[in-house]
Amino acid sequence: MRAVNRLKQITFVAAILVLAYLGMSLMRNQVDQVDVQHETKYYIGGSQNLNGLQKQLGTKSLHPDVNIVTSASQGQLVPQHKDCIEMPGSIRKGLYICVHPVKDDKWVSGSLKAGKLWEAHLVTEMMSALKADPSLQLVDLGCNIGQFSLSAAALDRHVLSVEMMMTNVQLLQMSLQLSNLTSLVTIVNNAVYKDHRELGVKFMKDNIGGNRLNVSNTLDDIDDKAAKVTVKTICMNDLVPLVRNARVYLKMDIENSEHFALQCADEFFKEVDVKIVQMEWYQRSPEDGKVILEFMDSQNYTVSRSASGNSPIDLKSMPDNVFFLKK
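In the numbering used here, the protein residues as written are 2 to 328.
Right under this line is the structure:
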């Protein structure tokens, strides 16, 4: 009898363990494999309101290559080895940004660790434009670790953040969690290009922020020892269903791929009221620059040194960053 009772106890405990395992698997699948009627995959890391996203999409469908990644879960513990600091010069307390080791990312993360915003003048330009027009949302192409995205979200603006490197996305997820901003930001883990394909990544030495598609030009040092990585590309046109506001401040910093991206952006500029385009011009070849200038002119934009429109530019002497303003 004692042996029978012992067997019953073991069987009962085993059943409990099996049920617990099945329950955990079900919860995991609910996060990992949420489908919003268009084959887009949602990866673990977030409690973003998927029902809200589904409502926003309505009957619209996304291209299957668009890889939406959920914002970090409010209840998920941030790994202790990650380096998360208060954003320098933030408009409010409690805004955190998680950074890479400085040895791997000497410019962006290095500047933040030293207590300074990277390209602070550009953040100031964007924030001034957002404050001047409360209807604007940010579309951040090449969001990196999220310095611009987090700043805009801290102003209570919706943000669409697009980033090809998953290591950057993971830091942004943790920053959003720590800053309680997950509901304002939609993250897309893709590169932006002129069509849909897989492309390799060029890794820059000591400069994660400078990583780029292998079709993009650079004069900087390439890390030849880096692992081979490929990313899926999408078009700007694919992002239209994800834009929440009718009016947009568009930041483009995709490391000399902007001229490619604009070759598949006609619907984006047709459907979205893009008021300001902030674009990096560093190391831009005359040929690539011509493609951009002709497209922006066809869309009725003028080029300026400032988002406020007070600084016209001599096209023969373009600065490292420019602003295109809708006429």
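Glycine is no exception: its CB is placed at the ideal position from the N, C-alpha and C atoms. From a predicted model like this one, the values you see are computed outputs, not experimental measurements.
- Annotation: the region 275 to 312 contains the following complete segments of the beta strand (DSSP E) (minimum length 3 residues), in chain order: 302 to 305.
- Taking all protein chains in view, the Cβ of residue 146 is crowded by 16 or more other Cβ atoms within 10 Å, so the residue is classified as buried.
- Annotation: residue 162 is outside any alpha helix (DSSP H); the continuous beta strand (DSSP E) that includes it extends over 160 to 163.
- Here residue 192 is bridged, per DSSP, to 234.
- DSSP places residue 61 in no beta strand (DSSP E); its state is neither H nor E.
- Counting only runs of 3 or more residues that sit fully inside the region 101 to 179, the beta strand (DSSP E) segments are 137 to 142, 160 to 163, in chain order.
- The alpha carbon of residue 300 has as its nearest neighbour, out of 61, 200, 325, the alpha carbon of 325.
- The beta carbon of residue 241 is closer than 7 angstroms to those of 268, 269, 272, 273 in its chain, skipping five residues each way along the sequence.
- Look at the beta carbons and you see the region 309 to 324 touching the region 273 to 292: at least three pairs across the two are nearer than 8 angstroms.
- Residue 271: member of the alpha helix (DSSP H) spanning 267 to 272, first to last residue.
- For the pair residue 150 and residue 160, the CB atoms are nearer than the 7 angstroms cut-off.
- Apart from the 5 residues on each side of it in sequence, residue 327 sits with its Cβ closer than 7 angstroms to the Cβ of 275, 276, 301, 302 in its chain, given in chain order.
- Pairing residue 260 with residue 298 gives a Cβ-Cβ distance that is not under 7 angstroms.
- Residue pairing by DSSP places residue 322 opposite 281 in a beta bridge.
- Sequence-distant Cβ neighbours of residue 199 in its own chain, meaning closer than 8 angstroms and more than five residues away, are 231, 232, 233, 234.
- In the structure shown, residue 243 adopts helical secondary structure according to DSSP, grouped into three states.
- Within the same chain, 305 come within 7 angstroms of residue 313 by CB-CB distance, once the 5 residues on both sides are set aside.
- Counting only residues of its own chain and dropping the five nearest sequence neighbours on each side, residue 251 has a CB closer than 6 angstroms to the CB of 140, 275, 278.
- For the options 71, 112, 131, 101, the alpha carbon positioned closest to that of residue 90 is the one of 112.
- Its Cα nearest to that of residue 126, the residue 307 stands out among 316, 307, 315, 318.
- Distance check between residue 63 and each of 115, 109, 189, 114 places 189 closest, using alpha-carbon atoms only.
- Under the DSSP assignment, residue 259 falls in the alpha helix (DSSP H) whose first and last residues are 259 to 262.
- With a 10 Å radius around the Cβ and a threshold of 16 neighbouring Cβ atoms, residue 286 comes out exposed.
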